[in-house]
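Have a look at the structure below, then the notes.
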Amino acid sequence: MLDGFRSLSQTWVAKVVLVLITVPFALFGLEYYLRQGGGGGAVLKVDGVAISQSEFRDALRNQQQQMQNAGGVDSASLSSPALRYEAMNALVNRQLLLKYADDHHLTIPDQLLVDEISRVDVFQENGKFSQSRYEQVLRAQGMTPAQFEKRLRADLKLQLEQESLTTTAWVPEQSLDAFLKLDGQIRAVSTATLGSAQFLGKVKLAADAVKKYYEAHPNEFRISEQVSIQYLTLAADQLAAAVTVLPEELRKAYADPANQSRWTGQEMRRARHILLTVPNGASPAQRQSIKQHAQQLLVRLQAHPEQFAAVAKVESQDPGSASQGGDLGFFARGTMTPPFEKAVFALNKGEFSGPVETDFGYHVIQVTDVHEAKRLSLEEVTPQLTAEIRRQ
C-alpha cells in the first residue's frame, strides 16, 4: 500500500508534497469536522471534485482563529486577500493529496476510524465513548455520522500519507549505487579451523606464572556478594477485599469538599430549533429579510407550538435535525455554539427564544425538556467510595 509513497519519497517532488501536506493539516481540527459542509455552491473544482463555499468559509475561519490565538494580528490581516488565498490553496492541496492517496489505494481501516472517534472528549460520557452522545453532538451541528466519518477518514488518510513520507529514509544515489555493487558481489573464501587442545601440551609455564596471573587479575576470581531471602507476594485486590470500611469513613469521604463536584451531575436541556441560513456575503438587507422571516416563524409557533415539528421539516435548513422536526436531543453546557447555548439555558421548559444569530444563521428555539443537575446520594456512591477507600 505504501510502496507508491516510498517511491515518491526518493524523487525531487517529495519536499513539495511534504509542504502540501503540512499546510492543510494546520487548518483542519475537530471544529472543521463538526461544521456543516457542502453548502452554498461550489467555489471551484479540483479534478472534478467541487469545493463548496461553506468548506472555504470553514477553512478561512479556522485560519483566522489560529492567527488570533497567536496574538499581535490586526483586523485588516484577518480579512486580507492573501489570507483567503492561503485558505483556498490549502483546500486545493488537500484535495490533490486525497486524490493521490486514492490513486495509490491508500485506505483507512474501519477499526482505526473507530479508535480515533472514541478518543474525542466531546463524544464521551464518564470517560467512555457514548454512541448517543456522538449522534447528539453531530445532530446539533447539522451533520450525520456518515458525513463526519467521511471527513475524518480523509484527514486520517492525509496523516498516513504524511507519515509514509517523513519516516522514509533519504538515501543519496551515490550511496545506494555503492551498496548495490557490494551487495551483488560474490567472493570465494577458504577457511581452516584449528583446535586449541592440540597446542596445550606444548605450552610451558614458569613456576610462578599462575601466582602472578592471579595477583594481576583479582577481579576475575571475585565472587559477587550473595544473600538468602524469603518474601511474600500480596495481591492488592486480595488485601482490599479484607479491609473493612466503616460508615464514618464513608460519610467523611462523601462530605470532603474535594469530592463535591463528583456527586453533582450536569444540567441537561432538550431543545428543538429551526435554522435559516445566511448566504456568504449576504447584504444587510438580505440578512434583515431572513431575520424577519425567523421572527414571523417565532410568532406563529408561539401561538401554535404543536406545529413546531411540521414547520421545522419544511422551513429548517439544518440537514441534521430538520427531518427530526428540529429535535436536537439532550445536551449539556459546552456542546453548542455560545449564542445558541446561552439562549437555551436561559429558557424554561416550553419557552421560545429567537431569532438567535450564530455563525450558521438565525435560529428559532424551543426548550422541550429540562434535566436539572442532580446530586447523587451517599447510598448511590457507597460502592464507589468503598472501593476507593479500600485501595488507599
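Quick note on the UniProt record's numbering: the sequence shown kicks off at 1 and runs consecutively.
Backbone N, C-alpha and C fix where the C-beta goes; we use that ideal spot for every residue, glycine too.
In this structure, does DSSP put residue i in helix, strand or coil?
i           : result
Leu-275     : strand
Thr-191     : coil
Met-143     : coil
Leu-2       : Note that Leu-2 has pLDDT 38, beneath the 50 cutoff, so the model's placement of it is unreliable and the number below is only indicative. In this structure, Leu-2 counts as coil in the three-state DSSP scheme.
Phe-179     : helix
Leu-113     : helix
Asp-208     : coil
Asp-58      : helix
Thr-167     : coil
Thr-382     : helix
Asp-155     : helix
Phe-352     : strand
Ala-387     : helix
Met-336     : coil
Val-245     : coil
Arg-251     : helix
Glu-149     : helix
Ile-229     : coil
residue 428 : This structure cannot settle anything about residue 428, because the visible part of the chain is limited to 1 through 392.
Val-311     : helix
Ala-235     : coil
Lys-202     : coil
Pro-319     : coil
Arg-84      : helix
Ile-290     : helix
Arg-119     : coil
Gln-185     : coil
Ala-282     : coil
Val-73      : coil
Use the C-beta contact count for residue i: other C-beta atoms within 10 angstroms, 16 or more gives buried, fewer gives exposed.
i           : result
Arg-222     : exposed
Ile-51      : buried
Glu-380     : exposed
Asp-318     : buried
Thr-244     : exposed
Leu-328     : buried
Tyr-134     : buried
residue 400 : Here the chain comprises residues numbered 1 to 392, so residue 400 is not present and cannot be evaluated.
Val-367     : buried
Glu-220     : exposed
Gln-238     : exposed
Leu-234     : exposed
Val-189     : exposed
Ser-132     : exposed
Arg-272     : buried
Gln-198     : exposed
Thr-166     : exposed
Pro-383     : exposed
Glu-341     : buried
Asn-93      : buried
Lys-211     : exposed
Gln-95      : buried
Glu-248     : exposed
Leu-152     : buried
Thr-22      : Because the pLDDT of Thr-22 is 40, which lies under 50, any placement of that residue in the model is unreliable, and the number read from its coordinates should be weighed accordingly. By the neighbour-count rule (16 or more Cβ atoms within 10 Å), Thr-22 is not buried but exposed.
Ala-55      : Per the sequence presented here, residue 55 reads as Glu, with Ala not at that position. Buried: at least 16 other Cβ atoms inside 10 Å.
Ala-42      : exposed
Phe-123     : buried
Identify every residue that forms a DSSP beta bridge with residue i.
i       : result
Asp-369 : Arg-270
Glu-357 : Tyr-362
Gln-124 : Phe-129
Ser-52  : Ala-42
Arg-375 : Thr-264
Asp-327 : Arg-272
Since residue i contacts residue j with CB under 8 Å, what's their CB separation in whole angstroms?
i       : j       : result
Leu-83  : Ser-75  : That belief does not hold up - the Cβ atoms of Leu-83 and Ser-75 are roughly 12 Å apart, past 8 Å.
Ala-343 : Met-268 : At roughly 16 Å, the Cβ-Cβ gap does not stay under 8 Å, so Ala-343 and Met-268 are not in contact.
Gln-63  : Glu-86  : 7 Å
Pro-355 : Gln-295 : 6 Å
Val-280 : Arg-57  : Note on residue identity: the sequence assigns Asn, not Val, to residue 280. Confirmed, Cβ separation roughly 6 Å.
Leu-301 : Val-311 : 6 Å
Thr-358 : Thr-337 : 5 Å
Thr-144 : Gly-320 : 6 Å
Leu-91  : Ala-70  : At roughly 21 Å, the Cβ-Cβ gap does not stay under 8 Å, so Leu-91 and Ala-70 are not in contact.
Leu-97  : Glu-161 : 6 Å
Trp-263 : Leu-376 : 5 Å
State yes or no: is the beta carbon of residue i nearer than 8 Å to at least one beta carbon in chain B?
i       : result
Gln-136 : This model lacks chain B altogether; it includes just one protein chain.
Per the contact definition of three or more C-beta pairs closer than 8 Å, is the stretch 238 to 258 in contact with the stretch 304 to 318?
no
Segment contact, 8 Å Cβ cut-off, at least three pairs: the stretch 376 to 390 with the stretch 286 to 293:
They do not touch, by the three-pair rule.
Is the number of C-beta pairs between the stretch 315 to 334 and the stretch 133 to 152 that are closer than 8 Å three or more?
The answer is yes - the stretch 133 to 152 touches the stretch 315 to 334, with three or more Cβ pairs under 8 Å.
Is the number of C-beta pairs between the stretch 154 to 161 and the stretch 106 to 122 that are closer than 8 Å three or more?
yes
Is it the case that the stretch 357 to 364 contacts the stretch 271 to 284, given that we only count it when at least three CB pairs across the two stretches are under 8 Å?
yes
The stretch 171 to 187 / the stretch 111 to 126 touching (three or more Cβ pairs under 8 Å)
no
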